[in-house]
Amino acid sequence: KVYDVEKGRRFYGPGTGYHVFAGRDSTPSFVTGMFDRAKATDDVSTLKNEDLLGIKGWMEFYQKDYKYVGKV
C-alpha cells in the first residue's frame with residue numbers, strides 16, 4: 014500500500030531517519046531496523062511470523078494517520 018506522508022515530511026524527507034521508506038517499498042525495514050537506503054529491501058521472504066505481525070501493526074498506523082493513495 015502507498016500512503017501520502019506529506020504531513021510527516023519532517024520524518025520522511027531527505028536526510029531524515031525514515032527517508033528509506035519514501036518513494037519505495039522497504040517493508041522489512043519496519044521490523045529489521047535497516048534504515049540504510051542502499052541496503053533496504055522489499056524482500057519479505059525471510060521474515061518470521063512475529064515480524065509479519067509487527068508489519069501489520071505499522072499498516073494499521075499508516076491507515077489511521079495517513080491518506081491511502083494506491084498500491085505497488
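Counting from 14, one number per residue, gives the positions in the sequence shown under the working numbering. Built from N, CA and C at the ideal position, the CB exists for glycine as well. Predicted model only: the values in this text are computed from it and were never measured.
Please state whether DSSP places Gly21 in a helix, a strand or coil. It is helical.
Pick from Lys14, Phe48, Ile68, Thr54 that is closest to Phe24, judged by C-alpha positions: The residue with the shortest Cα to Cα distance from Phe24 is Phe48.
Taking the Cβ atom as the reference point for each residue, do Ile68 and Thr45 lie within a distance shorter than 8 Å? Pairing Ile68 with Thr45 gives a Cβ-Cβ distance that is not under 8 Å.
What residue range is occupied by the uninterrupted beta strand (DSSP E) comprising Gly83? Its beta strand (DSSP E) spans residues 80-83.
Checking 8 Å against the spacing of the C-beta atoms, do Lys14 and Lys84 come in under that value? Yes. Within cutoff.
To the nearest angstrom, how far is it from the Cα of Tyr81 to the Cα of Gly26? Spanning the two alpha carbons is a distance of roughly 18 Å.
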